[in-house]
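Protein chains: 4
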Amino acid sequence: MKELAANKEIMVRFSEVGPTGVVKSVAYAHYFEDAREEFGRKYGLEYMRMAKNSFAAPLVELTFKAIRPMYYERPYSVAIRYIPTEAAKILFRYEITDLQSGEVVVTGKTLQVFMDMEYRLLWYKPYYYIAWQKRWEVME
Amino acid sequence: MKELAANKEIMVRFSEVGPTGVVKSVAYAHYFEDAREEFGRKYGLEYMRMAKNSFAAPLVELTFKAIRPMYYERPYSVAIRYIPTEAAKILFRYEITDLQSGEVVVTGKTLQVFMDMEYRLLWYKPYYYIAWQKRWEVME
Amino acid sequence: MKELAANKEIMVRFSEVGPTGVVKSVAYAHYFEDAREEFGRKYGLEYMRMAKNSFAAPLVELTFKAIRPMYYERPYSVAIRYIPTEAAKILFRYEITDLQSGEVVVTGKTLQVFMDMEYRLLWYKPYYYIAWQKRWEVME
Amino acid sequence: MKELAANKEIMVRFSEVGPTGVVKSVAYAHYFEDAREEFGRKYGLEYMRMAKNSFAAPLVELTFKAIRPMYYERPYSVAIRYIPTEAAKILFRYEITDLQSGEVVVTGKTLQVFMDMEYRLLWYKPYYYIAWQKRWEVME
Numbered sequence: 274m275k276e277l278a279a280n281k282e283i284m285v286r287f288s289e290v291g292p293t294g295v296v297k298s299v300a301y302a303h304y305f306e307d308a309r310e311e312f313g314r315k316y317g318l319e320y321m322r323m324a325k326n327s328f329a330a331p332l333v334e335l336t337f338k339a340i341r342p343m344y345y346e347r348p349y350s351v352a353i354r355y356i357p358t359e360a361a362k363i364l365f366r367y368e369i370t371d372l373q374s375g376e377v378v379v380t381g382k383t384l385q386v387f388m389d390m391e392y393r394l395l396w397y398k399p400y401y402y403i404a405w406q407k408r409w410e411v412m413e
Numbered sequence: 274m275k276e277l278a279a280n281k282e283i284m285v286r287f288s289e290v291g292p293t294g295v296v297k298s299v300a301y302a303h304y305f306e307d308a309r310e311e312f313g314r315k316y317g318l319e320y321m322r323m324a325k326n327s328f329a330a331p332l333v334e335l336t337f338k339a340i341r342p343m344y345y346e347r348p349y350s351v352a353i354r355y356i357p358t359e360a361a362k363i364l365f366r367y368e369i370t371d372l373q374s375g376e377v378v379v380t381g382k383t384l385q386v387f388m389d390m391e392y393r394l395l396w397y398k399p400y401y402y403i404a405w406q407k408r409w410e411v412m413e
Numbered sequence: 274m275k276e277l278a279a280n281k282e283i284m285v286r287f288s289e290v291g292p293t294g295v296v297k298s299v300a301y302a303h304y305f306e307d308a309r310e311e312f313g314r315k316y317g318l319e320y321m322r323m324a325k326n327s328f329a330a331p332l333v334e335l336t337f338k339a340i341r342p343m344y345y346e347r348p349y350s351v352a353i354r355y356i357p358t359e360a361a362k363i364l365f366r367y368e369i370t371d372l373q374s375g376e377v378v379v380t381g382k383t384l385q386v387f388m389d390m391e392y393r394l395l396w397y398k399p400y401y402y403i404a405w406q407k408r409w410e411v412m413e
Numbered sequence: 274m275k276e277l278a279a280n281k282e283i284m285v286r287f288s289e290v291g292p293t294g295v296v297k298s299v300a301y302a303h304y305f306e307d308a309r310e311e312f313g314r315k316y317g318l319e320y321m322r323m324a325k326n327s328f329a330a331p332l333v334e335l336t337f338k339a340i341r342p343m344y345y346e347r348p349y350s351v352a353i354r355y356i357p358t359e360a361a362k363i364l365f366r367y368e369i370t371d372l373q374s375g376e377v378v379v380t381g382k383t384l385q386v387f388m389d390m391e392y393r394l395l396w397y398k399p400y401y402y403i404a405w406q407k408r409w410e411v412m413e
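Right under this line is the structure:
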């Protein structure tokens, strides 16, 4: 069983800094999204690829924990790790690391479910996704 | 022991709707923020009031669960509930309700810690906050 | 010829405040959007109404001028005014007023064009829009 | 007299795509900001550098024109060009280019003024900025 993971370097936008001088927490959700898109490109699980195969995978759960504040004009990297599950869900774990100090500053996870194009929940994994899991050998 | 709670009606902005026609999940974090500000105004726990008393209460944890999608041009309301804790933390729970159907569409919680104005974590509750808890009788 | 206008009170979100303590300019685009939606509801020119009539009116030009900074926890109002034109375009002018001091703090304008649902530019006004202009007597 | 310019490749975030399948116009303001920060880093005119020299340069005017829609998962680049002026203002012009077709899709400009750290308008150029203009030979 392989572990699928990707890394995305991020640049804090000035507009993501709040009145206290540190990055506003709502920006973490955007950084996770950036990492998810990087993962999608690397492993062929992009939104467009899903849409062509007639399903979507909307986010239904997100959790983040801020361990330390993030600052403007410092280099950071988001590590995203795919956690295989038997259920018809996509689970990712995230870690944002301060590249200067090497410290983890934020952790988090997201859960996605499958929907058809009329936005009805799918209780089973779409065929494309099953094939995708086989190709990357993520399930035993 | 009293229960402190507030309600905030929300209006989905067109720019919060994604390509799938439903509200993008990152908007939930904004709706929770709107509710938190409503709560702060109602009970005297606003950011400004804290800053005058030399502390801040940054968000360090956020979780949301989307039960049903949210749509543009429908009325919603966010209920925010204050959950008293012994620890030097502020905990809120949230429920977004579709006012047409009466159904809960999103739930969530946030956790805030206390920092001084140099952004150092406070391990104890600030004096203003202790007095605030007394005034509202939220601790036994 | 009538003048069509609407007003939308706005509440500055804490997340719209930048590190300098004043509202970040990108938020102005959101406030204009709020006013445009208020106008749409008042006069029956909403996005959904357009979509049902098989056209969209994407923003192709936006200008804002900040005369004074905007602050958190002060009341503001956005006035939106419809400027009739012969061309197949929708032009709005905006003024954000500080309700405490009565001063105009931001002005702006936006221009929208008409597109069909395949996102092709329409060189003529859609039928629904011509009828809308007649109903509200905005053209001579 | 030299021309100062920079280029910033941009990646459209999924959350920047609207219900019509194209990038929402408010995102252009963010792309301009990304380019301005790239310029700042390249030529030593970052926000932090200004703050250390006791001034800020808030945006007071922004204009964009969308010539063609922008799409998700296509490569774009924002070119930013510094336009020297005698006045105590910073003027930039922008062009977003579709790297696949080579077409310009969005143009724009922004104007910044100088403020001291108490957010009072400066009618003269700050010393640091005059020295910066000399160093880069942007004024005759």
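Residue numbers (the working numbering), protein chains in the order written: chain A, 274 to 413; chain B, 274 to 413; chain C, 274 to 413; chain D, 274 to 413.
The C-beta atom is built at its ideal place from N, Cα and C for all residues, glycine as well.
Think of a sphere of 8 Å around the beta carbon of C/V290: the chain A residues whose beta carbon falls inside it are G291 and P292, in chain order. Between the alpha carbons of D/K382 and B/A308 lies a distance of about 36 Å.
Look at the region 325–359 of chain A: the residues with a C-beta under 9 Å from a C-beta of chain D are Y345 and E346.
Spanning the alpha carbons of D/K362 and A/V351 requires a straight line of approximately 37 Å. Look at the region 312–355 of chain C and you find these whole runs of alpha helix (DSSP H), each 4 residues long or longer: 320–325. Across the structure, D/M390 and B/V379 are spaced so that their CA atoms are roughly 41 Å apart. Considering only beta carbons, the part of the region 291–316 of chain B lying closer than 7 Å to chain D consists of G291, P292, G294, K297 and V299, in chain order.
The distance from the Cβ of D/V299 to that of D/V285 is about 13 Å, inconsistent with a contact at the 8 Å cut-off. With a threshold of 8 Å between beta carbons, C/Y392 makes contact with chain D. By the rule that beta-carbons nearer than 8 Å mark a contact, C/E276 does not touch chain B.
For A/A279, same chain residues with a beta-carbon under 8 Å away, outside a window of 5 residues either side, are A308, E311, F312, K315, Y316, A352 and I353 in chain order. About 6 Å separates the CB atoms of D/I369 and D/Y349; that is less than 8 Å, so the two are in contact.
Beta-bridge partners of D/Q385 (DSSP): D/L332 and D/I363. Under the three-state reduction of DSSP, C/E376 is assigned to coil, being neither helix nor strand. Sequence-ordered contacts of the region 374–392 of chain C with chain B are nonexistent [C-beta pairs closer than 8 Å]. Secondary structure at A/K407: helix, using DSSP grouped into helix, strand and coil.
Listed in chain order, the non-local C-beta contacts of A/Q406 below 6 Å within the same chain comprise M412, local neighbours out to five positions each way being set aside. CA-to-CA, the gap between D/L318 and A/I283 works out to about 20 Å. In the DSSP annotation of this structure, the continuous segment of the beta strand (DSSP E) that includes A/K281 starts and ends at A278 to I283. Beta-bridge analysis with DSSP links B/L395 to B/F387.
Here the alpha carbons of A/P342 and B/E334 stand approximately 12 Å from one another.
D/Y401 and A/F287 do not touch by the CB rule: their CB atoms are close to 18 Å apart, not below 8 Å.
Taking every protein chain shown into account, the CB of A/Q373 has fewer than 16 other CB atoms within 10 angstroms, so this residue is exposed. One Cα belongs to D/K325, the other to A/T336, and the distance between them is close to 36 Å. Inclusion of D/L395 and D/F305 in the CB contact set at 8 Å is not warranted, their separation being larger than that value. Chain A places a beta carbon closer than 8 Å to that of D/M321, counting this residue as a contact.
Here D/V295 carries a coil assignment [DSSP, helix/strand/coil].
The beta carbon of A/Y397 sits closer than 7 Å to the beta carbons of A361 from its chain, once the five residues preceding and following it are set aside; these are given in chain order. According to DSSP, B/E368 shares a beta bridge with B/A352 and B/T380. Contact between A/V290 and C/G294 does not hold, since their C-beta atoms are separated by about 12 Å, which reaches or exceeds 8 Å. With a contact defined as Cβ atoms closer than 8 Å, B/K281 and B/W409 miss out at about 19 Å.
Around B/Y301, the same chain offers F337 and V379 as residues with beta carbons nearer than 6 Å, after the five sequence neighbours per side are excluded.
Across the structure, C/Y344 and A/P357 are spaced so that their CA atoms are roughly 47 Å apart. In terms of Cα proximity to A/Y355, the closest of A/L332, A/H303 and A/Y367 is A/Y367.
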